[in-house]
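Participant:
2 protein chains.
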Amino acid sequence: MNTDYNSYFEKMQKIADVEHAIAVLNWDKEVNAPPKSNELRARQVATLSGIAHELMTDDQFGIQLEQLKKQDHTLDKHQLKNIELTLKQFHKTKKLSKAFVERKSKVTSKTYDAWIKARAAKDYSVYMPHLKEIFAIKREEAELKGYNDHPYNALLDDYEPGYTAAQLDTLFEDVKKQLVDFAAEIRQKQQVNDSFLYKFYAKDQQWDFGLKLLKNMGYDFDTGRQDISTHPFTTSFGPSDVRVTTRIDEHNFSDMVWSCIHEGGHALYEQGLRLDQYGLPMARSISLGIHESQSRLWENNVGRSLSYWKAHYGSLQETFPANLKNVDLMDFYRGINKIEPSFIRTEADEIHYHFHVLIRYELEKALLEGSIQVEDLENQWNEKYRAYLGVEVRDPNQGILQDIHWAFGLIGYFPTYSLGSFYAAQFFEQAKKDIPGLIQQIEEGDNKALLKWLRDNIHVHGQFYTADELCKNITGESLNFEYFMNYAKDKYADIYSK
Amino acid sequence: MNTDYNSYFEKMQKIADVEHAIAVLNWDKEVNAPPKSNELRARQVATLSGIAHELMTDDQFGIQLEQLKKQDHTLDKHQLKNIELTLKQFHKTKKLSKAFVERKSKVTSKTYDAWIKARAAKDYSVYMPHLKEIFAIKREEAELKGYNDHPYNALLDDYEPGYTAAQLDTLFEDVKKQLVDFAAEIRQKQQVNDSFLYKFYAKDQQWDFGLKLLKNMGYDFDTGRQDISTHPFTTSFGPSDVRVTTRIDEHNFSDMVWSCIHEGGHALYEQGLRLDQYGLPMARSISLGIHESQSRLWENNVGRSLSYWKAHYGSLQETFPANLKNVDLMDFYRGINKIEPSFIRTEADEIHYHFHVLIRYELEKALLEGSIQVEDLENQWNEKYRAYLGVEVRDPNQGILQDIHWAFGLIGYFPTYSLGSFYAAQFFEQAKKDIPGLIQQIEEGDNKALLKWLRDNIHVHGQFYTADELCKNITGESLNFEYFMNYAKDKYADIYSK
Numbered sequence: 016m017n018t019d020y021n022s023y024f025e026k027m028q029k030i031a032d033v034e035h036a037i038a039v040l041n042w043d044k045e046v047n048a049p050p051k052s053n054e055l056r057a058r059q060v061a062t063l064s065g066i067a068h069e070l071m072t073d074d075q076f077g078i079q080l081e082q083l084k085k086q087d088h089t090l091d092k093h094q095l096k097n098i099e100l101t102l103k104q105f106h107k108t109k110k111l112s113k114a115f116v117e118r119k120s121k122v123t124s125k126t127y128d129a130w131i132k133a134r135a136a137k138d139y140s141v142y143m144p145h146l147k148e149i150f151a152i153k154r155e156e157a158e159l160k161g162y163n164d165h166p167y168n169a170l171l172d173d174y175e176p177g178y179t180a181a182q183l184d185t186l187f188e189d190v191k192k193q194l195v196d197f198a199a200e201i202r203q204k205q206q207v208n209d210s211f212l213y214k215f216y217a218k219d220q221q222w223d224f225g226l227k228l229l230k231n232m233g234y235d236f237d238t239g240r241q242d243i244s245t246h247p248f249t250t251s252f253g254p255s256d257v258r259v260t261t262r263i264d265e266h267n268f269s270d271m272v273w274s275c276i277h278e279g280g281h282a283l284y285e286q287g288l289r290l291d292q293y294g295l296p297m298a299r300s301i302s303l304g305i306h307e308s309q310s311r312l313w314e315n316n317v318g319r320s321l322s323y324w325k326a327h328y329g330s331l332q333e334t335f336p337a338n339l340k341n342v343d344l345m346d347f348y349r350g351i352n353k354i355e356p357s358f359i360r361t362e363a364d365e366i367h368y369h370f371h372v373l374i375r376y377e378l379e380k381a382l383l384e385g386s387i388q389v390e391d392l393e394n395q396w397n398e399k400y401r402a403y404l405g406v407e408v409r410d411p412n413q414g415i416l417q418d419i420h421w422a423f424g425l426i427g428y429f430p431t432y433s434l435g436s437f438y439a440a441q442f443f444e445q446a447k448k449d450i451p452g453l454i455q456q457i458e459e460g461d462n463k464a465l466l467k468w469l470r471d472n473i474h475v476h477g478q479f480y481t482a483d484e485l486c487k488n489i490t491g492e493s494l495n496f497e498y499f500m501n502y503a504k505d506k507y508a509d510i511y512s513k
Numbered sequence: 016m017n018t019d020y021n022s023y024f025e026k027m028q029k030i031a032d033v034e035h036a037i038a039v040l041n042w043d044k045e046v047n048a049p050p051k052s053n054e055l056r057a058r059q060v061a062t063l064s065g066i067a068h069e070l071m072t073d074d075q076f077g078i079q080l081e082q083l084k085k086q087d088h089t090l091d092k093h094q095l096k097n098i099e100l101t102l103k104q105f106h107k108t109k110k111l112s113k114a115f116v117e118r119k120s121k122v123t124s125k126t127y128d129a130w131i132k133a134r135a136a137k138d139y140s141v142y143m144p145h146l147k148e149i150f151a152i153k154r155e156e157a158e159l160k161g162y163n164d165h166p167y168n169a170l171l172d173d174y175e176p177g178y179t180a181a182q183l184d185t186l187f188e189d190v191k192k193q194l195v196d197f198a199a200e201i202r203q204k205q206q207v208n209d210s211f212l213y214k215f216y217a218k219d220q221q222w223d224f225g226l227k228l229l230k231n232m233g234y235d236f237d238t239g240r241q242d243i244s245t246h247p248f249t250t251s252f253g254p255s256d257v258r259v260t261t262r263i264d265e266h267n268f269s270d271m272v273w274s275c276i277h278e279g280g281h282a283l284y285e286q287g288l289r290l291d292q293y294g295l296p297m298a299r300s301i302s303l304g305i306h307e308s309q310s311r312l313w314e315n316n317v318g319r320s321l322s323y324w325k326a327h328y329g330s331l332q333e334t335f336p337a338n339l340k341n342v343d344l345m346d347f348y349r350g351i352n353k354i355e356p357s358f359i360r361t362e363a364d365e366i367h368y369h370f371h372v373l374i375r376y377e378l379e380k381a382l383l384e385g386s387i388q389v390e391d392l393e394n395q396w397n398e399k400y401r402a403y404l405g406v407e408v409r410d411p412n413q414g415i416l417q418d419i420h421w422a423f424g425l426i427g428y429f430p431t432y433s434l435g436s437f438y439a440a441q442f443f444e445q446a447k448k449d450i451p452g453l454i455q456q457i458e459e460g461d462n463k464a465l466l467k468w469l470r471d472n473i474h475v476h477g478q479f480y481t482a483d484e485l486c487k488n489i490t491g492e493s494l495n496f497e498y499f500m501n502y503a504k505d506k507y508a509d510i511y512s513k
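Residue numbers (the numbering used here), protein chains in the order written: chain A, 16 to 513; chain B, 16 to 513.
(1) How is the alpha helix (DSSP H) around residue 349(B) delimited, first residue to last?
(2) Going by DSSP in three states, residue 173(B) sits in which element: helix, strand or coil?
(3) Given this structure, state the Cα-to-Cα distance separating residue 143(B) from residue 471(A), to the nearest angstrom.
(4) Which one of 54(B), 234(B), 444(B), 72(B) has the shortest CA to CA distance from residue 285(B)?
(5) Could one say the Cβ of residue 218(B) lies closer than 8 Å to chain A's Cβ atoms, at least one of them?
(6) Between which residues of its own chain and residue 397(A) is the CB-CB distance below 7 Å, once the five residues before and five after are set aside?
(7) How is residue 242(A) classed by DSSP in three states: helix, strand or coil?
(8) Residue 300(A) by DSSP, collapsed to three states: which one?
(9) Going by beta carbon distance, what residues of the same chain come within less than 6 Å of residue 379(A), once the five residues before and after it are set aside?
(10) For residue 187(A) and chain B, any beta-carbon pair shorter than 8 Å?
(11) Compile a chain-ordered list of the residues in the segment 114-137 of chain B whose CB is closer than 9 Å to at least one CB of chain A.
(12) How many angstroms separate the CA atom of residue 15(A) from the CA atom of residue 309(A)?
(13) If you measure from the beta carbon of residue 27(A) to each beta carbon in chain B, is any gap under 8 Å?
(14) Give me the Cβ distance between residue 23(A) and residue 83(A), rounded to the nearest whole Å; I'm assuming they're in contact under 8 Å.
(15) Taking the alpha-carbon positions, what's the residue 17(B) to residue 79(B) distance?
(16) What residue from 263(A), 63(A), 141(A), 493(A) has the CA that sits closest to residue 389(A)'s CA?
(17) Taking the C-alpha atoms as reference points, what is the distance between residue 222(B) and residue 184(B)?
(18) Just to confirm, are residue 366(A) and residue 503(A) a CB contact at a threshold of 8 Å?
(19) Looking at the strands, I want to know which residues DSSP matches up with residue 264(B).
(20) What does residue 257(A) pair with, by DSSP beta-bridge criteria?
(21) Start and end of the alpha helix (DSSP H) containing residue 443(A)?
(22) Using only the alpha-carbon positions, how far apart do residue 256(B) and residue 287(B) sit?
(23) Should residue 159(A) be labelled buried (16 or more other beta-carbon atoms within 10 Å of its own) or exposed?
(24) Tell me which same chain residues have a C-beta within less than 6 Å of the C-beta of residue 249(A), skipping the five on either side of it?
(25) Which complete alpha helix (DSSP H) runs does the segment 377-409 of chain B hold, if anything under 4 residues is left out?
(26) Can you find a C-beta in chain B that's less than 8 Å from the C-beta of residue 466(A)?
(27) Considering only the alpha carbon of each residue, which of 405(B), 276(B), 433(B), 108(B) lies closest to residue 196(B)?
(28) So, does the CB of residue 230(B) fall closer than 8 Å to a CB anywhere in chain A?
(29) If we define contact as Cβ-Cβ less than 8 Å, is residue 249(A) a contact residue for chain B?
(30) Would you mind telling me which residues of chain B sit closer than 9 Å to residue 259(A), beta carbon to beta carbon, in chain order?
(31) Use the C-beta contact count for residue 385(B): other C-beta atoms within 10 angstroms, 16 or more gives buried, fewer gives exposed.
(32) Which first and last residues belong to the alpha helix (DSSP H) in which residue 470(B) is found?
(33) Is there a C-beta anywhere in chain A that falls below 8 Å from the one on residue 405(B)?
(34) Measuring only the C-alpha atoms, how far is residue 307(A) from residue 118(B)?
(35) Count the other CB atoms within 10 Å of the CB of residue 168(A); is the residue buried (16 or more) or exposed (fewer)?
(36) On the criterion of 16 or more Cβ atoms from any shown chain inside 10 Å, does residue 247(A) qualify as buried, or is it exposed?
Structure follows, in structure tokens:
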């Protein structure tokens, strides 16, 4: 038995190699794979996942970690944190037996198929019995993992370590108290015009414009590339190969632009992780909420700001003169920030978005604790959309069947989207304080100081701090919804002034 | 210990999954990878290679194989052949220790770097000391593996199982006796005109035309795709995902067309392997020589024939009217079959090609046995080019530094290119006998019967037969150079008639 830290490091790099190989296989599946290749690819991914799981749950590895932990006088603080976090991961992974993981994999695979069929039939009842199995097995998973207070915490911990349902309850109380009224107020105002976004925008020009924005953000094409996929995503094969995808709708210009900026934000985080700590917690992102804060900060706080478009609107008008020559900068700015309740989460504006998340959070928590039943979920869903968004769901594909997450067993995942926006508002407010002239730089198309600030304050630390510690270090306090609320009030007072 | 055949099958599928994941990572490296991603990708590939090697050399697996071999009454002939071939592979792999494999990997990696530098400096001496290490370690490998008669046989067996240096000597004697004179004779004839190939052929139209040819051959885009890479290649991630690459030179039309057809031929072999035997020898190609026979048959016997272009030249003329409207079919046919000695193997015509291979075979065999030295290799190389091709090498990049193979440790590999051409001629002659009206079908652009013949006679068998058995089954005799010679005589008598 080698108890040396280097041997631990090598083992972690080996696991990371396998995990990144899986990421390559999955990226390729979404971006390139020919139609009939899915079955073999799925088994190749499953085999590599099994190998990664075996490496991570090897008993000898556990003993090695425990011994290393005792050598704390020989290790520096980053090394100690690596060991501590890996031990946590080791014990967590060990709690789920191979048989359980395989059973869960089968359930999710069947549920995914059912979701596809249910959408084709526009019929929740096709999906329902399988979704019931998902919630049952996720409840079982929570019991296996153990938790305080609420089974939701066991699942949330996978995506947002250290955060709890009680904290989410408090947060979403604020959302309900402040954001519901705020949205209602805006709905009374005169609506802005965004019809120019739905003219014909040729694919190639959109593509080139998106690449320009990515470059301008600081995304490094020497360690990344962009491709087309059905759903935009970011994936990392290590900090020297971080890829983004986008999609292009020639009749909806916003689809490409803000997915580009959003994924670019995720990618900058991954490209900013430490290469010398490859494979270790110090080179991994903290949580989905913090990850999402990076994408949302760029997408919304920067990418939907007037300052940003002062820098880029001229070039956009030149690229699409027929569509935009009669739309001035303020009209463009108002149009891209239109607030309007709708059915689909992924198409929601940055205010209503959080009601979509809130609904999912309330439902998945209630399903887990058994206070509502999967059989009644569609009714519950539609009821909540009526209550929070004032819309009447008539097509389940625009309602309960719109998201794939639950079919994949991702319970406790949705709230991290809102956390991301709220962290983003709080971080961006601090960045404005820390960086003299930040807004003017953004107006001039210069994002270098902002990126350096994100690198220095967030990216470089990997998992050394928890999300909460990081937030306190940067802003002096824990996550505080007021920052988002103030951001929204300031911004939309200008946009909806009439 | 599970001695059951199914457990063996599962293990082989697992190994295949890892191997195909490596293939995906390598394909992605050539086709997509951003400039700075090489180092991490190399370590990810190395880790997966190590895992595949561990799985293959596991002692328990060896015991399981030996026990299965004894259960021969319960296994059918294909199952028995799978076990027998896997055992051979197992014992072969076991002969090289992990330490040796790692050492070899380091030597090849350093030699590859030296090759790159040597080409940049146009200086063989930069490459030489590393190439010396390569030949030393390959000699060591031959000793570890064991061999009869000549160390070359130990290395050749990796690429052309069962074939020997003695057989290659006989074959290349024929090449020297017959092909040298034949080429010399042609050089006395009036040269054909191929200048039309070097006009401007726009990239997009070339790409589309190449896809049309691939489809027409029967390449299945539901289980494959084509991309661009620096050097065209074919790779398989299993029979339901077999990819080809090509390259396009807008000032050399032949580069794209015949690389497309060549790689298409390789790919048809891989797409024709049995999916139900995935992971087993019955779903693997026999040898590089047989693989190359598939690419060369399509590239040369079909793709450079008059019949083939009777079917496709009209469409080609329509695609590039400015370049080809004044070039009639016979002129085109003569031009694409121009015979001319040159420096570069990969650009050689189908006659001189074999002198390039012969030279490499003579040199690597002599280096292995120590009858010449690496220090003197450049002189030897240039001397042989003078003797066999009548050309004077002045730039080492056009000479000794042109191929990457030796830098990668691929010794014993080159001859399989010639074997491929010779098998192709023999197989195609038989196909003409077996398929009534084959030539007319090709003239009509209908390749279905030919593909079916290749599928039934070659692809579907995997490794059930050795190359020699297969050749005898199909043509009634072992590989016989006369078929190639007759093909060449017939064809070039028409082309060089003046």
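Just so it is clear, CB atoms sit at the ideal spot from N, CA and C, and this is done for glycine as well. All values reported here derive from a predicted model rather than from experimental measurement.
Facilitator: Let me spell this out:
(1) 344-350
(2) helix
(3) 47 Å
(4) 234(B)
(5) no
(6) 408, 414
(7) strand
(8) coil
(9) 426
(10) no
(11) none
(12) Here chain A covers residues 16 to 513 and nothing more, so residue 15(A) does not appear.
(13) no
(14) 6 Å
(15) Confidence in residue 17(B) is poor, its pLDDT being 45 and thus under 50, which makes the residue's placement too unreliable to answer from.
(16) 141(A)
(17) 41 Å
(18) yes
(19) 267(B)
(20) 251(A)
(21) 430-449
(22) 11 Å
(23) exposed
(24) 259, 278, 281, 282
(25) 392-399
(26) no
(27) 405(B)
(28) no
(29) no
(30) Within chain B, no residue comes near residue 259(A); the closest Cβ sits about 11 Å away, beyond 9 Å.
(31) exposed
(32) 463-472
(33) no
(34) 44 Å
(35) buried
(36) buried
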